[in-house]
Structures are given as structure tokens and as C-alpha cells.
Amino acid sequence: MFLVKQLTNYNSRAISRQLTFPRRQLISKGFSLYSVVFTEMEDIATMFQNAEELASFGRREEAMNRYSQFIDLVECKLKVLPNEPVKFKLQEQIALAYNNRGHLRYLNVDFPEAVSDYTKGLDHTQLPVTYYNRGLIHYRLGYFDEAIRDMQEALNLDPNFESAKHCLHQSTEDKNVHNNHELIDERTHSNFS
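In UniProt numbering, the protein residues as written are 1 to 193.
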């Protein structure tokens, strides 16, 4: 009875955020007369939307936490789902969640964790924007070869991705300038030795 009382004190949207997985099962199985029926996919979609909303309002830490909860839940679901359309949709969503959390980490200047998120997202589904985002970090850190590779992958997936074209061009130019400086430094050092 405590669960039923608790349910009547919240609206359905708040319930979906507050309930743990076992309670959701109880509700969907035993308390359908209260019109509180949750499917796991609706909960997952709501969690993702909530993370996006938090990020759009600049609430980065909360958004990262919500993306982390989403990722943990979906990772568990992917282990038990057979290969079917639902699994493929979840693969796309989790790749996007890793990308979005990676972007928030990028904004917090946590580059190693951002690169890790982008890489994990690419393990699920290859999105051009994820290659682009990871390539930007490599570029900022001066890892021009990695930046070039990521931009090329982004362009293989979307040949019209203008930002990736620009970044590929800039990465190639900066790599050449960097290599020329190293060559000049080597020659200068060897002349004085």
C-alpha cells in the first residue's frame, strides 16, 4: 500500500524519474488500474530527453549525470537484447549520448574523458559528428595525424560535412608547418654541434 500512496502524491513525469527499475516492474504488472504504465523504452527516451534539456539550460554537471545514467541503463539493455530493430535504435542513441556527454566534457576542458566518450560512442555507431568532435580535440592538442584521420573518417561518412573539410584542411596545413619547424630546429641544432 505504501507504493500506491507514494504514486498518488506525484505526477506521472516525476514518477518516471524517481522510480527504480524494480518499482517500475511492480507498477506495470500490479498497479495498472492507476494508469501508471511505464515501458522501459519510454523511460529510456525520457532520460535522454531530460539530459538534453539540462544541457540546453547550461546545467552541465546534471546533464552529464543524466547521460551517465542513460548510458549505464542502455549498456545493460544491449547485453540482453537480441539483434533486432530496437537494439539498433539503442546503439544509435547510446552513441549520441556518449557524443553529447563527450561534448560537455570538452566544454569543461576534460579532454581525456571527452576523447574516451567519443571513442566509446564510435564503438556503438559511427557518427560523422563524433569523429569530428574527437578530431577537434586531437587538433587542439597538436595530434595532427589523429585529427586528420578523424576528419577523413567523418568525411567518408558524410562527404558534405563542411566543418570537417575545413578542419581537415587546417590540420594538414598545421601539420606541415609543425614538421617544417622541426626540420629547421634539427638543421640548426646539427650546425652548432
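Built from N, CA and C at the ideal position, the CB exists for glycine as well.
In this text the structure is predicted, and so the values were computed from the model without any measurement.
Asked                                                                                                  : Found
Residue closest to Phe88, alpha-carbon to alpha-carbon, out of Glu75, Asn99, Asn100                    : Glu75
Own chain, CB closer than 6 Å to Tyr98, minus 5 neighbours either side, in chain order                 : Asp117, Lys120, Gly121
Candidates Val86, Glu62, Phe161: closest to Asn100 by CA position                                      : Glu62
Cβ distance (whole Å) where Phe70 is taken to contact Ala95 below 8 Å                                  : With a Cβ gap of about 12 Å, Phe70 and Ala95 do not count as contacting.
Inter-residue spacing [alpha-carbon to alpha-carbon] between Pro128 and Ala154                         : 4 Å
Separation of Pro112 from Thr172, as counted between CA atoms                                          : 23 Å
Cβ neighbours of His124 in the same chain (closer than 6 Å, five flanking residues each side left out) : Gln91, Ile94, Ala95
Three-state class that DSSP yields for Asp158 in the structure shown                                   : coil
Proximity to Gln170 [Cα-Cα], best of Asn108, Ala114, His138, Asp158                                    : His138
Top-ranked residue by Cα proximity to Asp150, from Lys175, Asp174, Ala164                              : Ala164
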